[in-house]
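To start, the structure under review is shown below, and the notes come after it.
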């Protein structure tokens, strides 16, 4: 976040001068050093960004991005500094043209306000029914061509082009069993813990992995949802020391 740009926006939003002065003191003249083993770097000056962990930082970021480009045909989705833009239409040509116009406006805004873009983490996905098309026109952003991906990970949710959520459920399954192997001494059949404590560990550690973003992928096909239920049944049988035929 460019400090001078932020101060300009605070003034433009007609904040009281004394508050602006406090924020300027909060942001400016910050320094840092880097230590590696016994070697200490020279003092560096922080010319952009806000202190991480400060309660003011999210508010200042919101002020800074309040004038992010808005388009009637595009929906902007923000979570901290993760941004997604969505467009819909009856034809892929309309969607691509709309997204490209939006990207051009975003690029202009980022250039004006000195916002760095990581194009390596910028992806494009076309959500549509029917067979996928391999000849879709690529989008261009910050002088780089964005190829169309089959899926994208946004805030920990894997969205595939068909919205089947098969990849997300598989990812969750692998992550779930990896965590199970870590805590199996505590929840396994031979664990000395009481069942109440095992259930508490399941609710606090394992269940959040299974149910993350379930409000969205909960509409997946029953065949995919059944895999989640089977996985849950397995671990519950282990926790309760129940025989295999208990469902």
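Numbering (UniProt numbering), first residue to last: 1 to 247.
Virtual Cβ for every residue (Gly too), placed ideally from N, Cα, C.
This one's a predicted model, so the numbers in the text were calculated from it and none came from an experiment.
Burial state of residue 248 (16 or more Cβ within 10 Å): The chain is shown only over 1 to 247; residue 248 falls outside these bounds and no answer can be derived.
Segment contact, 8 Å Cβ cut-off, at least three pairs: the region 81–91 with the region 26–33: no
Reference residue 89; option with closest CA among 11, 157, 128, 161: Sequence index remark: in the chain shown, residue 89 carries index 89 (1-based). Among 11, 157, 128, 161, the Cα nearest to that of residue 89 is on 128.
Distance, residue 44 Cα to residue 37 Cα: If you number the chain shown from 1, residue 37 lands on position 37. If you number the chain shown from 1, residue 44 lands on position 44. Spanning the two alpha carbons is a distance of roughly 18 Å.
Pairwise C-alpha distance: residue 230 and residue 223: Sequence index remark: in the chain shown, residue 223 carries index 223 (1-based). Sequence index remark: in the chain shown, residue 230 carries index 230 (1-based). Distance between the alpha carbons of residue 223 and residue 230 is about 11 Å.
Check whether residue 160 and residue 166 have beta carbons under 8 Å apart: Translated into positions along the chain shown, residue 160 becomes position 160. Translated into positions along the chain shown, residue 166 becomes position 166. Closer than 8 Å, so yes.
Residue range of the unbroken beta strand (DSSP E) whose run includes residue 6: Position 6 of the chain shown, counting from 1, holds the residue named residue 6. It is not in any beta strand (DSSP E) - residue 6 instead sits in the alpha helix (DSSP H) that spans 3–12.
Cβ separation of residue 209 and residue 179, assumed to be a contact under 8 Å, to the nearest whole Å: As a first step, residue 209 is located in the chain shown; it is residue number 209 there, counting from the start. As a first step, residue 179 is located in the chain shown; it is residue number 179 there, counting from the start. That belief holds up - the Cβ atoms of residue 209 and residue 179 are roughly 6 Å apart, short of 8 Å.
Cβ pair residue 46, residue 69 closer than 8 Å: Here residue 46 refers to the residue found at position 46 of the chain shown. Here residue 69 refers to the residue found at position 69 of the chain shown. It is not a contact, given that the beta carbons lie outside the stated cut-off.
Boundaries (first-last residue) of the alpha helix (DSSP H) holding residue 197: Counted from its first residue, the chain shown places residue 197 at position 197. Start and end: 195–201.
DSSP-derived helix/strand/coil call for residue 120: Working through the chain shown from its first residue, we reach residue 120 at position 120. Residue state, collapsed to three classes: helix.
Sheet register partners of residue 110 (DSSP bridge): Counted from its first residue, the chain shown places residue 110 at position 110. Looking at the DSSP assignment, residue 110 forms no beta bridge with any residue, so it has no partner.
Beta-carbon proximity of residue 126 to residue 148, cut-off 8 Å: Counting from 1 along the chain shown, the entry for residue 126 is found at position 126. Counting from 1 along the chain shown, the entry for residue 148 is found at position 148. A contact, by the Cβ cut-off of 8 Å.
Outcome for residue 3 when other beta-carbon atoms lying within 10 angstroms are tallied against a minimum of 16: Taking the first residue of the chain shown as position 1, residue 3 is located at position 3. A residue is called buried when at least 16 other Cβ atoms come within 10 angstroms of its Cβ; residue 3 meets this threshold and is buried.
Cβ-based burial, residue 156 [other Cβ within 10 Å; buried from 16]: The residue labelled residue 156 in the question sits at position 156 within the chain shown. Classification of residue 156: exposed, given that the 10 Å Cβ count is below 16.
Residue 163 versus residue 227: straight-line alpha-carbon distance, rounded: Residue 163 sits at position 163 when you count from the first residue of the chain shown. Residue 227 sits at position 227 when you count from the first residue of the chain shown. Their Cα atoms are separated by approximately 17 Å.
Cα-Cα separation, residue 244 to residue 94: By 1-based counting over the chain shown, the position of residue 244 is 244. By 1-based counting over the chain shown, the position of residue 94 is 94. For residue 244 and residue 94, the distance between alpha carbons rounds to 54 Å.
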